[in-house]
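A.B. asks:
Protein chains: 2
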Amino acid sequence: MHTLEECCSLIEKHINRLNIGLKAPRNLYEPIEYVLKQGGKRLRPAMTLMACNLFSEEVQQAVMPAVAIEVFHNFTLLHDDVMDKADIRRNQPTVHKKWSENAAILSGDAMQVLAYQYITQSRQDLLPSLLQVFSDTALQVCEGQQYDMNFETRSDVSIEEYRHMITLKTAVLLASSLKIGAICGDADKQNVEALYHFGISLGLTFQILDDWLDVYSDPKVFGKATGGDILTGKKTFLLITALERADAATRSQLTALLNNREIADDVKITQVKALYDRLDVNRTVQQTIDEYYIETMQYLQKVQIADDSRKEGLKNLAGMLLKREK
Amino acid sequence: MHTLEECCSLIEKHINRLNIGLKAPRNLYEPIEYVLKQGGKRLRPAMTLMACNLFSEEVQQAVMPAVAIEVFHNFTLLHDDVMDKADIRRNQPTVHKKWSENAAILSGDAMQVLAYQYITQSRQDLLPSLLQVFSDTALQVCEGQQYDMNFETRSDVSIEEYRHMITLKTAVLLASSLKIGAICGDADKQNVEALYHFGISLGLTFQILDDWLDVYSDPKVFGKATGGDILTGKKTFLLITALERADAATRSQLTALLNNREIADDVKITQVKALYDRLDVNRTVQQTIDEYYIETMQYLQKVQIADDSRKEGLKNLAGMLLKREK
Chain A
3 MHTLEECCSL IEKHINRLNI GLKAPRNLYE PIEYVLKQGG KRLRPAMTLM
53 ACNLFSEEVQ QAVMPAVAIE VFHNFTLLHD DVMDKADIRR NQPTVHKKWS
103 ENAAILSGDA MQVLAYQYIT QSRQDLLPSL LQVFSDTALQ VCEGQQYDMN
153 FETRSDVSIE EYRHMITLKT AVLLASSLKI GAICGDADKQ NVEALYHFGI
203 SLGLTFQILD DWLDVYSDPK VFGKATGGDI LTGKKTFLLI TALERADAAT
253 RSQLTALLNN REIADDVKIT QVKALYDRLD VNRTVQQTID EYYIETMQYL
303 QKVQIADDSR KEGLKNLAGM LLKREK
Chain B
3 MHTLEECCSL IEKHINRLNI GLKAPRNLYE PIEYVLKQGG KRLRPAMTLM
53 ACNLFSEEVQ QAVMPAVAIE VFHNFTLLHD DVMDKADIRR NQPTVHKKWS
103 ENAAILSGDA MQVLAYQYIT QSRQDLLPSL LQVFSDTALQ VCEGQQYDMN
153 FETRSDVSIE EYRHMITLKT AVLLASSLKI GAICGDADKQ NVEALYHFGI
203 SLGLTFQILD DWLDVYSDPK VFGKATGGDI LTGKKTFLLI TALERADAAT
253 RSQLTALLNN REIADDVKIT QVKALYDRLD VNRTVQQTID EYYIETMQYL
303 QKVQIADDSR KEGLKNLAGM LLKREK
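These protein sequence lines map, in sequence, to chains A and B. Taken in order, the first sequence gives residues 3 to 328; the numbers are from this note's numbering. Taken in order, the second sequence gives residues 3 to 328; the numbers are from this note's numbering.
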């Protein structure tokens with residue numbers, strides 16, 4: 003049985019061995035290597051290996067599909083940063099800042115192909131089902147990103163629509179990381195599905211917590227300034243909850259506040275937080291997170307294996323993802 | 003045996019059946035449908051069907067891989083237009099003009115996934131080899147686009163580098179269209195390779211002819227104004243031939259002329275053409291095209307099938323591609 007640390011370092015070793023940056027033309031492949039070596043916690047590919055390891059000792063057969071998932075995930079970050087005009091990722095300049103927008107577009111395109119090359123390096127009898135999961139997921143992630151961009155110009159996004167968006171943009175990739183690992187470990191269909199639902203639920207919890215942390219966490223612990231989502235007017239779980247719950251007058255007040263470009267950032271954040279408090283948003287969201295966490299763990303219980311202690315790794319990973327600095 | 007027209011209409015029918023534009027979110031999928039329905043001659047997927055049809059009556063099994071190639075080809079045009087800031091494609095506004103740059107990036111990403119979904123809908127025993135050809139080709143097309151962009155800021159591109167660039171950017175996709183069709187038709191390895199070389203040679207001839215037409219064709223017949231490549235200073239086969247052949251003084255004169263932003267477009271075109279004539283570029287390039295054409299047809303002769311008359315369709319297609327309005 004492999005620990006989370008062992009899984010992460012196995013992935014790290016394989017990513018380092020790809021030597022993508024040495025291929026020609028260098029200025030196509032160097033941005034890819036740059037993105038892949040910026041780090042990140044390798045949680046998705048580690049989940050693939052750990053899901054495989056629930057059912058099989060041969061985690062090796064899940065390594066290249068796991069690498070494919072990590073490469074795909076980083077490709078989405080690369081193109082999202084172009085679309086969001088983000089300058090910084092993981093404390094370093096983004097590719098379109100360091101090279102150019104064209105470099106970011108084209109290197110991203112090549113990265114998506116590389117991800118497919120890696121997933122193709124799996125057991126041939128599993129290839130059709132792995133490809134189906136991988137492509138369906140990739141398309142859903144694009145759909146999620148499109149919904150997220152569409153929400154920017156809307157003020158009537160419902161909690162249901164938000165849930166659908168983060169399911170597509172965030173949760174399905176976590177869920178498919180587990181599903182692909184389980185398929186590589188020859189898990190039966192019921193276990194594959196239980197793990198998939200565990201991943202979806204984990205992803206939703208993770209994203210809602212992420213929204214909460216952006217407003218309520220301790221900046222010293224969270225590692226970045228709070229209130230960023232308030233300043234950009236992002237349609238987070240908190241804002242949508244507040245808008246749904248507010249009466250007409252409070253909703254106008256909140257909307258006017260978010261659109262106000264005259265007041266200082268810290269004043270805006272303080273005033274929005276005061277409105278959130280008045281609407282009991284903080285407590286509601288914390289309750290939702292707790293409920294989702296319980297549901298998440300229930301899905302993991304539905305996975306049927308002889309030795310339940312093998313689930314400890316995934317439990318720890320979920321705890322790590324969700325407890326963070328709350 | 004299917005004719006070129008039958009192959010094209012079979013592809014057209016299947017592309018129309020995809021109903022991509024109906025999927026949600028609409029603003030992700032509508033640009034994809036727009037691009038796919040703008041037309042284009044469907045030559046690449048038709049080549050896939052015709053290559054399959056050399057060896058098998060069951061062209062149906064090559065249809066989805068052929069559709070995958072057409073979708074991939076259109077994806078590359080979509081992203082290339084963003085990178086080249088091109089406003090018009092096939093007499094209509096490009097996606098980033100009609101929607102937005104972000105729409106063009108994200109819809110392109112989704113299109114690449116769709117292409118993989120379609121190629122996955124092939125005979126399962128062929129899947130590993132089809133995917134390998136497809137991914138290798140996709141990566142080479144990205145590499146070709148990168149070299150092409152790199153050439154923009156260089157003045158010392160050699161004919162050899164140019165050949166390598168157009169092999170990657172243009173020829174490998176034509177060659178792989180044939181290769182994938184041949185694999186679907188269960189052709190033996192030698193025939194698959196002969197068809198691949200036929201495609202490479204055809205692609206190189208096609209691209210060099212395209213460069214020639216941009217300068218020497220009749221605008222009324224060619225359908226667009228000539229001299230566009232001269233005005234943008236594009237590193238074409240003609241310009242590189244001229245720069246390689248010119249003495250130091252003429253080379254300076256040509257470079258200065260291309261960089262001169264003061265003179266009128268038609269004057270610049272006339273003067274560059276005069277320099278080309280002095281350096282005998284027109285005749286050299288026409289000779290090269292003729293030599294490549296002979297080589298192309300020799301590769302087709304190397305394909306060994308019982309009934310050589312089955313090659314007529316591909317011969318016609320090559321003739322159509324290369325004779326055009328020269």
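In this text, a Cβ means the ideal position worked out from N, Cα and C, and glycines have one as well. Just so we're clear, the structure is a prediction, and the values are computed from it rather than from any experiment.
At the 9 Å Cβ level, is A:W101 part of the contact set with chain B, yes or no?
C.D. replies: As a working note, residue 101 of chain A is residue 99 in the first sequence. Judged by the 9 Å Cβ criterion, A:W101 is not in contact with chain B.
A.B. asks: Curious, which full-length alpha helix (DSSP H) runs of at least 4 residues does the stretch 225-311 of chain A contain?
C.D. replies: Counting only runs of 4 or more residues that sit fully inside the stretch 225-311 of chain A, the alpha helix (DSSP H) segments are 230-234, 239-247, 250-261, 267-280, 283-303, in chain order.
A.B. asks: Kindly identify the DSSP beta-bridge partner or partners of B:R91.
C.D. replies: If you number the second sequence from 1, residue 91 of chain B lands on position 89. Beta-bridge pairing links B:R91 to B:Q94.
A.B. asks: Using a Cβ-Cβ cut-off of 7 Å (strictly less than) and excluding sequence neighbours within five positions of A:R312, which residues of its own chain qualify?
C.D. replies: For this step, residue 312 of chain A is matched to residue 310 along the first sequence. For A:R312, where only same-chain residues beyond five positions count, the Cβ hits under 7 Å are M3, L56.
A.B. asks: Could you pull out every residue in the same chain whose Cβ sits closer than 6 Å to the Cβ of A:W101, ignoring the five residues on either side in sequence?
C.D. replies: On the first sequence, residue 101 of chain A is found 99 positions in, with the first residue counted as 1. The answer, listed in chain order, is P33.
A.B. asks: So, is the C-beta of B:E195 closer than 9 Å to a C-beta in chain A?
C.D. replies: Here residue 195 of chain B refers to the residue found at position 193 when the second sequence is read from its first residue. By this cut-off, B:E195 is not an interface position.
A.B. asks: Considering B:R165, what are the terminal residues of the alpha helix (DSSP H) in which it resides?
C.D. replies: On the second sequence, position 163 is the one that residue 165 of chain B refers to. Unbroken alpha helix (DSSP H) run through B:R165: 161-168.
A.B. asks: From which residue to which residue does the alpha helix (DSSP H) around B:T139 run?
C.D. replies: Taking the second sequence and counting its residues from 1, the one referred to as residue 139 of chain B is at position 137. Unbroken alpha helix (DSSP H) run through B:T139: 129-153.
A.B. asks: Would you mind giving the Cβ-Cβ distance between B:A48 and B:C10, rounded to the nearest angstrom? I have them listed as a contact below 8 Å.
C.D. replies: Here residue 48 of chain B corresponds to residue number 46 of the second sequence, with the count starting at 1. Here residue 10 of chain B corresponds to residue number 8 of the second sequence, with the count starting at 1. Yes, B:A48 and B:C10 are in contact; Cβ-Cβ is about 5 Å, under 8 Å.
A.B. asks: Can you grab the Cα-Cα spacing for the pair B:K328 / B:R19, in whole Å?
C.D. replies: Numbered from 1 along the second sequence, position 326 holds the residue referred to as residue 328 of chain B. Numbered from 1 along the second sequence, position 17 holds the residue referred to as residue 19 of chain B. For B:K328, the pLDDT reaches just 39, beneath the cut-off of 50, and the residue's location in the model is therefore unreliable, leaving the point undetermined.
A.B. asks: Are the stretch 161-176 of chain A and the stretch 102-116 of chain A touching by the rule of at least three beta carbon pairs closer than 8 Å?
C.D. replies: Contact fails: fewer than three Cβ-Cβ distances are below 8 Å.
A.B. asks: What does A:P33 reach in chain B if we use C-beta pairs closer than 9 Å?
C.D. replies: Taking the first residue of the first sequence as 1, we reach residue 33 of chain A at position 31. Near A:P33 there are no residues of chain B at all, since even the closest Cβ is about 10 Å away, more than 9 Å.
A.B. asks: Taking B:D190 as part of the alpha helix (DSSP H), name the residues at either end of that continuous run.
C.D. replies: Stepping through the second sequence from its first residue, residue 190 of chain B is reached at position 188. Unbroken run through B:D190: none, as it is neither H nor E.
A.B. asks: Within 10 angstroms of the Cβ of B:Q306, are there 16 or more other Cβ atoms? Answer buried if so, exposed if not.
C.D. replies: The count along the second sequence starts at 1 and reaches residue 306 of chain B at position 304. By the neighbour-count rule (16 or more Cβ atoms within 10 Å), B:Q306 is not buried but exposed.
A.B. asks: Can you give the Cα-Cα distance for B:N21 and A:A140, rounded to whole angstroms?
C.D. replies: Here residue 21 of chain B is taken as the residue at index 19 of the second sequence, counted from 1. Here residue 140 of chain A is taken as the residue at index 138 of the first sequence, counted from 1. Going by the C-alpha atoms only, they are around 19 Å apart.
A.B. asks: Would you say A:M151 lies against chain B (beta-carbon separation less than 9 Å)?
C.D. replies: Stepping through the first sequence from its first residue, residue 151 of chain A is reached at position 149. True, the Cβ-Cβ gap to chain B drops below 9 Å.
A.B. asks: Any idea if B:S178 is buried or exposed, counting beta-carbon neighbours within 10 angstroms, 16 or more meaning buried?
C.D. replies: In the second sequence, residue 178 of chain B corresponds to position 176, counting from 1. B:S178 is buried by the Cβ-count criterion.
A.B. asks: In chain A, which residues lie with their C-beta within 7 Å of the C-beta of B:Q119?
C.D. replies: Translated into positions along the second sequence, residue 119 of chain B becomes position 117. The answer, in chain order, is S137.
A.B. asks: Use the C-beta contact count for A:M322: other C-beta atoms within 10 angstroms, 16 or more gives buried, fewer gives exposed.
C.D. replies: Taking the first residue of the first sequence as position 1, residue 322 of chain A is located at position 320. It counts as exposed.
A.B. asks: What does the Cβ neighbour count give for B:T234, buried or exposed, with the cut at 16 atoms within 10 Å?
C.D. replies: In the second sequence, residue 234 of chain B corresponds to position 232, counting from 1. Flag for B:T234 reads exposed.
A.B. asks: Under three-state DSSP, which class holds A:E327?
C.D. replies: Locating residue 327 of chain A in the first sequence gives position 325, where the first residue counts as 1. The pLDDT assigned to A:E327 is 42, lower than 50, so where the model puts this residue is not dependable; a value taken from the coordinates is nonetheless given after this. DSSP places A:E327 in coil when its eight states are reduced to three.
A.B. asks: Pick out whichever of B:E154, B:V174, B:Y149 has its Cα sitting closest to the Cα of B:V135.
C.D. replies: Taking the second sequence and counting its residues from 1, the one referred to as residue 135 of chain B is at position 133. Of the candidates B:E154, B:V174, B:Y149, B:V174 places its Cα closest to the Cα of B:V135.
A.B. asks: Does chain B have any CB closer than 9 Å to the CB of A:A26?
C.D. replies: Working through the first sequence from its first residue, we reach residue 26 of chain A at position 24. Chain B contact via Cβ: present.
A.B. asks: Give me the chain A residues within the contact set of B:P130, using Cβ-Cβ distance strictly less than 8 Å, ordered along the chain.
C.D. replies: Locating residue 130 of chain B in the second sequence gives position 128, where the first residue counts as 1. Per Cβ cutoff of 8 Å: T122, Q126, L129.
A.B. asks: Closest Cβ-Cβ distance between B:L116 and chain A: below 9 Å?
C.D. replies: The residue given as residue 116 of chain B occupies position 114 in the second sequence. It does: the Cβ of B:L116 has a partner Cβ on chain A nearer than 9 Å.
A.B. asks: Counting contacts by CB-CB distance shorter than 9 Å, is A:D111 in contact with chain B?
C.D. replies: Along the first sequence, one-based indexing puts residue 111 of chain A at 109. Judged by the 9 Å Cβ criterion, A:D111 is in contact with chain B.
A.B. asks: Around the Cβ of B:V84, are there at least 16 other Cβ atoms within 10 angstroms (buried) or fewer (exposed)?
C.D. replies: As a working note, residue 84 of chain B is residue 82 in the second sequence. Burial call: buried.
A.B. asks: Looking at the C-beta of B:I107, does it have a partner C-beta in chain A at a distance below 9 Å?
C.D. replies: Translated into the one-based positions of the second sequence, residue 107 of chain B becomes position 105. Judged by the 9 Å Cβ criterion, B:I107 is in contact with chain A.
A.B. asks: Using a 10 Å radius around the Cβ and a threshold of 16 neighbouring Cβ atoms, would you call B:G183 buried or exposed?
C.D. replies: As a position in the second sequence, residue 183 of chain B is number 181, starting the count at 1. By the neighbour-count rule (16 or more Cβ atoms within 10 Å), B:G183 is buried.
A.B. asks: Cα-Cα, which of A:L128, A:F74, A:K99, A:L256 is closest to A:A64?
C.D. replies: Working through the first sequence from its first residue, we reach residue 64 of chain A at position 62. Closest by alpha carbon: A:L128.
A.B. asks: So, are the CB atoms of A:L204 and A:A320 less than 9 Å apart?
C.D. replies: Position 202 of the first sequence, counted from the first residue, corresponds to residue 204 of chain A. Position 318 of the first sequence, counted from the first residue, corresponds to residue 320 of chain A. Inclusion of A:L204 and A:A320 in the CB contact set at 9 Å is warranted, their separation being smaller than that value.
A.B. asks: Less than 9 Å separating the beta-carbons of A:E14 and A:R46?
C.D. replies: The count along the first sequence starts at 1 and reaches residue 14 of chain A at position 12. The count along the first sequence starts at 1 and reaches residue 46 of chain A at position 44. No, they are not a contact pair.
A.B. asks: Closest to A:E145 by CA distance: which of A:T155, A:T172, A:I17 is it?
C.D. replies: Against the first sequence, residue 145 of chain A aligns to sequence position 143. The shortest C-alpha separation from A:E145 is found at A:T172.
A.B. asks: Quick check: is the beta carbon of A:E145 nearer than 9 Å to any beta carbon in chain B?
C.D. replies: On the first sequence, position 143 is the one that residue 145 of chain A refers to. By this cut-off, A:E145 is an interface position.
A.B. asks: What do you get for A:I202, buried or exposed, if any count of 16 or more other CB atoms within 10 angstroms of its CB means buried?
C.D. replies: For this step, residue 202 of chain A is matched to residue 200 along the first sequence. A:I202 should be labelled buried.
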